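**Q** Residue numbers (my numbering): 1 to 252.
The beta carbon of each residue, even a glycine, is placed where N, CA and C say it ideally should be.
None of the values given here were measured: they were computed from a predicted structure.
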């Protein structure tokens, strides 16, 4: 893969403009150099180890990182969907799924992320999450899960969910969605809310006054949480069966 880019480099900042696809990546090596004058989102790193993705920054977030990468994607790509897809890839350390993406295809979310991954790798920033000192059990789907109903009754939302296939979470008709959400301290809308709103927009023909009128299929437990109550917590511990056993316990 060949990337055509212009580079401006200083002690505090690297500004990379991807000429062919109308995108910009700003790498800030100093908090003092941070700017917020463009639409996009941020990748936070500490010691070049990935920490988090955020749509905006505040003093608390800034204090937890020492490198800040601002991603300003092409206007043809949806920012919420892009950041959600990137978050999923990083959380599962599945950046290798981008390796087969061809840059000569029409620009898609994955083809853009393939370019981003290669570019950041050259600057020493990997799109992988930090490995825990104690191995974290991986959640695995099994056939028995397709016969279990899991329930949500938290955060002003109620739903019945079935994990029917590895990449299919079915939310049964009649689910009640959370109506309100909290803004960030600076008054902006957080990344989780933006992701949840995007998922709801994609299913708007199956919604009426915050209640689902048909069964809805999403791809993951994370998407279920974002869709129902805008996430913000570990949804593996929220979805529980009739005996109060979490989906986390079921899938280990």
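Excluding five sequence neighbours on each side, which residues of the same chain lie with their C-beta closer than 6 Å to the C-beta of residue 16?
**A** Cβ contact annotation for residue 16 (same chain, cutoff 6 Å, sequence separation greater than five): 5, 7, 25, in chain order.
**Q** Does the pairing of the segment 114-131 with the segment 60-71 give three or more beta-carbon distances under 8 Å?
**A** yes
**Q** List, from N- to C-terminal side, the alpha helix (DSSP H) runs of 4 residues or more that fit wholly inside the segment 18-103.
**A** 59-62, 79-91
**Q** Could you compute how far the alpha carbon of residue 182 sits from the alpha carbon of residue 2?
**A** 42 Å
**Q** Identify whether residue 230 lies in helix, strand or coil by the three-state DSSP scheme.
**A** Note: residue 230 maps to coil in three-state DSSP.
**Q** Exposed or buried, what is residue 187 when buried is set at 16 or more other beta-carbons lying within 10 Å of its beta-carbon?
**A** The C-beta of residue 187 has fewer than 16 other C-beta atoms within 10 Å across all chains shown, which makes the residue exposed.
**Q** Below 8 Å, can you find three or more Cβ-Cβ pairs linking the segment 218-238 to the segment 184-198?
**A** yes
**Q** Starting from the C-beta of residue 9, find all residues in its chain whose C-beta is less than 7 Å away, skip the five residues before and the five after it, and write them out in chain order.
**A** none
**Q** Could you tell me the alpha carbon to alpha carbon distance between residue 143 and residue 171, rounded to whole angstroms?
**A** 18 Å
**Q** Just how far apart, CA to CA, sit residue 129 and residue 207?
**A** 35 Å
**Q** Quick one: Cα of residue 153 to Cα of residue 40, how far?
**A** 33 Å
**Q** Using 10 angstroms around the beta-carbon of residue 140, count the other beta-carbons present and answer buried if the total reaches 16, otherwise exposed.
**A** When all chains shown are included, residue 140 counts as exposed.
**Q** I believe residue 21 touches residue 191 by the beta-carbon criterion, under 8 Å. Please report the beta-carbon distance rounded to the nearest angstrom.
**A** Not confirmed; about 23 Å, so no contact.
**Q** Need the endpoints of the alpha helix (DSSP H) that residue 250 sits in, please.
**A** 247-250
**Q** Pick out whichever of 116, 228, 113 has its Cα sitting closest to the Cα of residue 160.
**A** 228
**Q** Mapping the DSSP letters down to three states, classify residue 4 as helix, strand or coil.
**A** coil
**Q** Quick one, which of 173, 242, 239 has its alpha-carbon nearest residue 215's?
**A** 173
**Q** Taking the alpha-carbon positions, what's the residue 81 to residue 202 distance?
**A** 11 Å
**Q** Going by beta carbon distance, what residues of the same chain come within less than 6 Å of residue 33, once the five residues before and after it are set aside?
**A** 12, 13
**Q** Please state the DSSP three-state secondary structure of residue 175.
**A** coil
**Q** From which residue to which residue does the alpha helix (DSSP H) around residue 111 run?
**A** For residue 111, the uninterrupted alpha helix (DSSP H) run begins and ends at 109-122, by DSSP.
**Q** For residue 76, which residues in the same chain have their Cβ closer than 7 Å to its Cβ, ignoring the five residues on either side in sequence?
**A** 107
**Q** Return the Cβ separation of residue 150 and residue 240 in integer angstroms, given the expectation that the two are a contact with Cβ distance under 8 Å.
**A** Confirmed, Cβ separation roughly 6 Å.
**Q** Please report how far the alpha carbon of residue 247 lies from the alpha carbon of residue 200, in whole angstroms.
**A** 23 Å
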